[in-house]
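Just below is one structure, and these are the notes that go with it.
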Amino acid sequence: MMRVRCLLALFLALLVLIPPPQPQTDELENIPHMSDTNRQPSLSLAETHGATFTGDFLVNGTVWDDFIPSELHWQLEQDGDIIQEGSALGSMIENISWADSATKAWDFSIMVDTNSLNSCSCTLNVVVIDTEQQISNVQILLFIDIDGSPLPSNLIITNPESGIDWRGDLNLSGVAVSAAGYQPILEWAVIQSNLARHICVRGVLSEIWVGSNNDSDWKDYSISYSARGNFNIQVESSNFDDGWWLFAVKAHDSGGNYSSIACTAIALHNQKPSAVLSGTTEINESESAHFDASNSDDPVWGKEGLRFTFIVKTEHDNSPPQVYDIGTERSWSWLANKSGIYDVMVLVTDTSGLSNSSNMTLIVHNIPPIASASIEGISFATDETIRLPDEPFWTIDAGLSTDTDNDRGGLDFIWFIDGEPVSLGEKQILRRELLKDESEIHLLTLSATDDDGVSDYIEVFVGIEGTQSDPEWKEPESMTGNFVISLGGEVNMMLIFMIILIAISLITLRITRGDSESDIPKWIPNRKENDDSAEENDDR
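Under the numbering used here, think of the first position of the sequence shown as 1, with each following residue one higher.
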């Protein structure tokens, strides 16, 4: 028993803590949603063209979209004037039965109050706008019969949409119905007028203009009819002058009762725009060529709206051309990355798709590369001589070579020794065995070639220190030569030799004098001296 009471207490506590369920309502919240794949909204009405109403009436419809629309508006129009309007957004209810994961469906209803209306041949126009401002609309022709008076036929032009640009022949399509249910008789006319956009209001030609232009040339041929009042009119408009044109259709019964005149205002573009191109004719590689198509024009519609596409093609080259669509910009610069002769064309296109072109030739000159290199980090120039350290290999580098920006990265480097290719690439290792004969000086050559096949060369003589290829190498001296070198040179040797000769002469002279004193008798006085001495003695 105690256990049952505990369970009951727990159940009551849960009832207090759990909030009561909220009632479901049909009210829709207009929450904006954005999506990268947002689709165009679409809608339909349950009524068909030609329905007749004698009092207040309801028109049902359905909207399909990713998210609930931001606006759903309707207008009831008579002869281009709005006689009643409203919003159907509040009447929208999601159609749960719609089985499509990509879209949702909402049903809506439009209530038309006829108490303030007269009998009319009217048009109901419904417009839906989604959260990304995409618009769709649908129209139906209907009749409101309040007093039982005869109603004129009713019609609308559904295609082409008023205000668009067009070229060539035109297919005019629409719907025409009568309150009695028979197919009305149609007539159509084409009228050139710069006021076309202003006198064609909501698809109906202004009564003021109609009253002052009764002499229009109305035609009843080239009209085809299909089910439910649909019609098509083929208009051969390809020969019409450029400008604004009114395409008008009216309907009448056998008694001559005419409808209002349905219309659409079309901007015809049958004449090509003029294409004028000027700009650079010669440049060097890696420079920019400038082109200007500002003088291009449309004789009627002017420059506004013209689109420009530049097409560059290399002469005598089967590769695809380079295409640059620059929109409405009229000038353009092109960086020339490769030498050659180019055909530059500007394609000028108007808003209807009609185009014209103009060409010019651009010559791009190649700038030859300049070969420059270093060995073991020491740069050199042609005809120099470099002593290589006595090592098994050395680093040779062509990184100092220059060319235009477009060609520098594509330079091909070939290294030669005595005219024989030994290595490919910008930075390489020169192995000692490649020099082969170390008794001779060798010629190291670098070839730098760009993508146009233009080459430059740099050469240097190299030898290995301590070998016969060393630029400072001298042949070993003989013994005599070594003796001369040890004495400090030939001058010193001659001086020492003369000193030695003098010393030898002196020594020889001294020795010779000593021998004379010992071997040769002393001098004997001559006879005269003896006689004088005798006489002296006698006197005494």
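Virtual Cβ for every residue (Gly too), placed ideally from N, Cα, C.
With distances taken between CA atoms, Val454 lies nearest to Ser339 out of Asp397, Gly463, Leu435, Ser339.
The beta-carbon distance between Ser149 and Lys272, rounded to whole angstroms, is 53 Å. This is too long to meet the 8 Å contact definition. Only exposed fits Ile135, as fewer than 16 other CB atoms lie within 10 angstroms of its CB. In the three-state reduction of the DSSP assignment, Asn406 falls in the helix class, which pools H, G and I. Membership of Arg307 in any alpha helix (DSSP H) is not indicated; the residue belongs instead to the beta strand (DSSP E) covering 307 to 314. Below 8 Å, too few C-beta pairs join the region 372 to 380 and the region 321 to 334 to call them touching: fewer than three.
Scanning the region 407 to 441 for uninterrupted beta strand (DSSP E) segments of 3 residues or longer gives 412 to 417, 420 to 424, 427 to 431, listed from N- to C-terminal end.
Between the region 101 to 117 and the region 56 to 67 there are three or more inter-stretch CB-CB distances shorter than 8 Å, so the stretches are counted as touching.
Closest in C-alpha terms to Gly163, from the list Val201, Thr508, Ala275, comes Val201. Within its own chain, the residues whose Cβ lies closer than 8 Å to the Cβ of Asn337, once the five positions on either side in sequence are excluded, are Glu285, Ser286, Asn406, listed in chain order. Setting aside the 5 residues that flank it on each side, Thr280 is surrounded in the same chain by Ala289, His290, each with a C-beta closer than 6 Å to its C-beta; the list follows chain order. Here the alpha carbons of Thr123 and Gln78 stand approximately 7 Å from one another. Where Ala196 is concerned, the enclosing alpha helix (DSSP H) starts and stops at 196 to 199. For Ala105, the three-state secondary structure derived from DSSP is strand. Taking one beta carbon from each stretch, the region 249 to 256 and the region 153 to 163 have 3 or more pairs nearer than 8 Å; the two touch.
The bridge partners DSSP lists for Gly340 are Val364. C-alpha of Asp66 to C-alpha of Leu45: approximately 19 Å in a straight line. With the rule of 3 Cβ pairs closer than 8 Å, the region 410 to 430 counts as touching the region 375 to 395.
Ranking His269, Leu172, Pro369 by CA distance to the CA of Gly410 puts Pro369 first. As the crow flies, the alpha-carbon of Asn125 is around 10 Å from that of Ile82. Judged by their CB atoms, Glu384 and Val460 are nearer to each other than the 8 Å cut-off. Secondary structure of Ser288 (DSSP, three-state): strand. CA-CA distance, Ala196 to Ile261, rounds to 13 Å. Comparing alpha carbon positions, the residue from His73, Asp456, Ser178, Ala88 closest to Asn257 is Ser178. Residue pairing by DSSP puts Glu71 in a beta bridge opposite Ile129. Three or more beta-carbon pairs drawn from the region 408 to 427 and the region 438 to 450 are found closer than 8 Å, and the two stretches are therefore classed as touching.
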